[in-house]
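The sequence shown runs contiguously to residue 190 in numbering that gives the first Met the number 0. Each residue gets a CB set at the ideal place from its N, CA and C atoms; glycine is no exception. Source: prediction; values computed, not measured.
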Amino acid sequence: MVDTLRKDFEIFRDHCVFLRGTHNTFYSLYGKGETQKILVKAAVWFFDDLYRIFADSFFVQVGRICDSPKTYGNANLSLSYIVEELERLGLSTEEIKSLENSILTFNTLTKGARNKAVAHTDVKSVRKGGLLGVHTQEESESFFKDLNEFTDKVAKQLGLDPLDYSVQAGRGDAIDLIRLLRKATEQRNAQ
0 MVDTLRKDFE IFRDHCVFLR GTHNTFYSLY GKGETQKILV KAAVWFFDDL YRIFADSFFV
60 QVGRICDSPK TYGNANLSLS YIVEELERLG LSTEEIKSLE NSILTFNTLT KGARNKAVAH
120 TDVKSVRKGG LLGVHTQEES ESFFKDLNEF TDKVAKQLGL DPLDYSVQAG RGDAIDLIRL
180 LRKATEQRNA Q
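This is the structure we're talking about:
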């Protein structure tokens with residue numbers, strides 16, 4: 000039983016790592032005005048489309064992680080599923096449950112965008128206009144801090160090592176792309 004949950008959890012944590020990685024790439028590309036100017040000069044339509052893809056992906060991934068433990072009788076590999084299984088095995092803690100609640104609170108901020116604009120196109124929302132899923136960078140960072148802490152606490156309960164996935168920079172990342180685009184636009188402007 001614990002072995003099965005351990006394997007499920009490792010897959011769940013991989014989803015969390017991917018979510019954090021795409022979030023980090025998004026903020027590397029779009030989080031600073033100076034960087035956005037470079038993207039506009041380099042390929043405005045491409046980076047506008049990419050922005051939308053990243054935003055949609057974020058809302059879907061948060062929803063997937065925060066999904067209910069079951070839908071139509073099928074288990075969902077989600078935060079709440081992991082907590083339910085921990086409880087069933089007598090391995091849950093109050094700290095894990097508290098982190099689950101904090102993470103699910105962030106989900107309430109993003110749920111409107113996912114349900115009314117990304118996964119479905121709600122006619123009333125489209126007609127009304129405006130933004131859905133609005134949250135601050137501080138709320139987002141708090142979500143990711145809690146998510147990493149949650150996965151570390153669960154890992155400990157399952158006899159696994161913690162994993163800090165807050166930063167995933169390396170050769171060929173978004174920062175390298177920005178450097179190349181900056182250099183290319185400077186060379187183009189110098190001609």
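For my contact list, residue i and residue j are in at a C-beta cut-off of 8 Å; report their separation, rounded to the angstrom.
i	j	result
ASP55	VAL117	5 Å
ASP145	LEU98	5 Å
CYS65	ILE102	7 Å
THR109	HIS134	7 Å
Would you tell me roughly how many angstroms separate the C-alpha atoms of residue i and residue j, rounded to the nearest one?
i	j	result
GLY171	GLU140	24 Å
PHE105	GLN60	13 Å
ASN75	ASP2	18 Å
GLU33	LYS152	38 Å
GLY129	ILE52	18 Å
LEU49	GLY169	21 Å
LYS6	GLN186	50 Å
GLU137	HIS22	13 Å
SER67	ALA41	42 Å
PHE8	ASN147	13 Å
TYR80	TYR71	14 Å
ASN73	GLU84	14 Å
VAL166	ASP175	15 Å
ILE10	MET0	16 Å
Taking the Cβ atom as the reference point for each residue, do residue i and residue j lie within a distance shorter than 8 Å?
i	j	result
LEU38	LEU157	no
PHE25	PHE45	no
LYS115	LEU90	no
TYR164	ARG19	yes
ALA173	SER27	yes
ARG12	LEU162	yes
Kindly indicate which three-state DSSP category residue i falls into: helix, strand or coil?
i	result
THR70	strand
ALA168	coil
LEU88	coil
SER101	helix
THR120	coil
LEU162	coil
LYS36	helix
ASN147	helix
ASN106	helix
Considering only C-alpha positions, which residue in the set the options is nearest to residue i?
i	options	result
PHE177	ASP121, LYS6, GLN35	Correcting the residue identity first, residue 177 is Ile in this sequence and not Phe. For ILE177, the nearest C-alpha among the options comes from GLN35.
LYS155	LYS69, GLN186, GLU138, THR92	THR92
VAL82	TYR71, ASN100, GLY72, ASN73	ASN100
PHE78	PHE142, THR135, TYR164, LYS127	Sequence inspection shows Leu at residue 78; the Phe mentioned does not correspond to that position. Of the listed residues, the one whose Cα sits closest to LEU78 is PHE142.
TYR29	PHE17, VAL43, VAL16	VAL43
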